[in-house]
Amino acid sequence: MTALTTPREASDRGGPVADIGPLPARRGRRQHRLAPLIFISAAVVLFILFFLWPGALGLLYSFTDYRGVGDLNFIGTENYRELVGDDDFYRALGRTFLYTALAVPAHYVVSLAVAVLLTSKTAKGKSIARVVFFLPWLLSPIVTGVVWRWLFGENFGFVNHVITQLGGSSVAWQTDGTLGLLVVVIAGTWASTAFNMLLFIAAIRNIPRSYLEAAEIDGASPAQRFFKIQLPLLAPTSFLVILLTTIGAMKEFAMIQALNGGGPGTENMLMVQYIYRTGFERADIGYASAVSMVLMLILVVVALIQMRFDRKSALS
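Under the numbering used here, read the sequence shown as residues 204 to 519, first letter to last.
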């Protein structure tokens, strides 16, 4: 029998080495390792440029008295010590929590209700309704604020015009802080319903129809089927919607800036508006950066608390 030799053994013996060609399997493994790295690298670069680097820069500024020009003068934790006694900061923080407490339930209930209606077998005109409910999400927050400012303006608003035509008196939508916050909540709910609605529609369609059909055969009413079957199975999506809506509400800026500028006065000034005014209008970049770091810490704590509750509910 002829002994088989490998190319390395043949070269060691001084014999000719056969050309066995490329190794497709090994080259394929190399390509499979390289392709994920290429795709991940783009996300890593974007993460570093638009999150990690600005975050590190903001943390650095928070320990300085930087005002946008000149050198960085390190002042330690003076900005944070000043923040502890800042009444304007606490008012903005309290108003942000109040807005979040009002906006999150409104966003959740409205988006879930719309999703249930659009997935109902008896609903008519669902295609047109999807387009109508989705259009507000396509608008920028600035445009949303301008539209609702036109609707609820005190002297020129469409809503007050209708009220006066019906014999009523104009409502102080812009000079009353409570009514101004209510308009912001309504406008925010109108603008964000579409995205949350899509999440709920996808989740509802993934619920096995056999569960609902079995409950219907057993005599369960539509309300019982929803609260006993659909709503518990929507828990993961509900957690995601509540988490994203909470973070978005606490970072709200563009819409409320265009709608009422945080007014009347500073009564409805939220945290991001306070950061904007401190950093850009007062040119106190260092102090605004310290406020930004506190807001980021609050958002991290809120996210961790919600994730812990979600984990407990999943284990129970």
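We treat Cβ as the ideally placed atom computed from N, Cα and C, and that holds for glycine.
| Query | Result |
| --- | --- |
| Using CA atoms only, rank isn't needed, just tell me which of Gly258, Gly464 and Glu419 is closest to Val349. | Gly464 |
| Does the distance from the C-beta atom of Val386 to that of Trp376 stay below 8 Å? | yes |
| Using a Cβ-Cβ cut-off of 8 Å (strictly less than) and excluding sequence neighbours within five positions of Ala457, which residues of its own chain qualify? | Ser343, Pro344, Ile345 and Gly348 |
| To the nearest angstrom, report how far apart Phe512 and Ala390 are at their CA atoms. | 29 Å |
| Scan the region 346-422 and note each continuous alpha helix (DSSP H) run of 4 residues or more that stays entirely inside, going in chain order. | 361-368, 380-408 and 412-420 |
| Out of curiosity, what's the CA-to-CA distance linking Val220 and Leu249? | Low per-residue confidence applies at Val220: pLDDT is 48, beneath 50, and the placement is therefore not dependable enough to give any value. |
| Between the region 291-299 and the region 471-487, are three or more C-beta pairs nearer than 8 Å? | yes |
| Quick test of your reading: Leu443 and Leu402, contact by CB under 8 Å. State the CB separation rounded to the nearest angstrom. | 7 Å |
| Is the separation between the beta-carbon of Asn276 and that of Tyr490 shorter than 8 Å? | no |
| Could you tell me if Thr381 is buried or exposed, where buried requires 16 or more neighbouring beta carbons within 10 angstroms of its beta carbon? | exposed |
| According to the neighbour-count rule (16 or more other Cβ atoms, all chains shown, within 10 Å of its Cβ), is Ser424 buried or exposed? | exposed |
| Starting from the C-beta of Ala306, find all residues in its chain whose C-beta is less than 6 Å away, skip the five residues before and the five after it, and write them out in chain order. | Val388, Gly391 and Ala452 |
| Quick one, are the C-beta atoms of Ala493 and Leu255 less than 8 Å apart? | no |
| How many Å lie between Ser413 and Glu419 at the Cα? | 10 Å |
| Whole angstroms is fine: what's the gap from Ala438's alpha carbon to Asn399's? | 14 Å |
| Measure the beta-carbon distance from Ile404 to Leu321 and round it to whole angstroms, keeping in mind my assumption that it falls under 8 Å. | 6 Å |
| Using the rule of at least 16 other Cβ atoms within 10 Å of the residue's Cβ for burial, across every protein chain shown, is Thr280 buried or exposed? | exposed |
| What's the gap between the Cα of Tyr269 and the Cα of Arg480? | 15 Å |
| Please list the terminal residues of the continuous alpha helix (DSSP H) segment that includes Glu281. | Glu281 to Val287 |
| Among the candidates Phe292, Thr325 and Phe336, whose CA atom is the shortest distance from the CA of Val313? | Phe336 |
| How long is the line joining the alpha carbons of Phe361 and Gln427, rounded to whole angstroms? | 41 Å |
| Assuming contact is defined by CB atoms lying nearer than 8 Å, are Val505 and Thr449 in contact in what I supplied? | yes |
| Count the other C-beta atoms from every protein chain shown that fall within 10 angstroms of the C-beta of Phe359, then say buried if there are 16 or more, exposed otherwise. | exposed |
| Count the other C-beta atoms from every protein chain shown that fall within 10 angstroms of the C-beta of Thr325, then say buried if there are 16 or more, exposed otherwise. | exposed |
| Short of 7 Å in beta carbon distance, which residues of its chain neighbour Met496, apart from the five on each side in sequence? Order them along the chain. | Gly261, Leu262 and Ser265 |
| Starting from the C-beta of Gly258, find all residues in its chain whose C-beta is less than 8 Å away, skip the five residues before and the five after it, and write them out in chain order. | Met499 |
| Looking at the secondary structure, which residues open and close the alpha helix (DSSP H) in which Ala452 lies? | Ala438 to Met453 |
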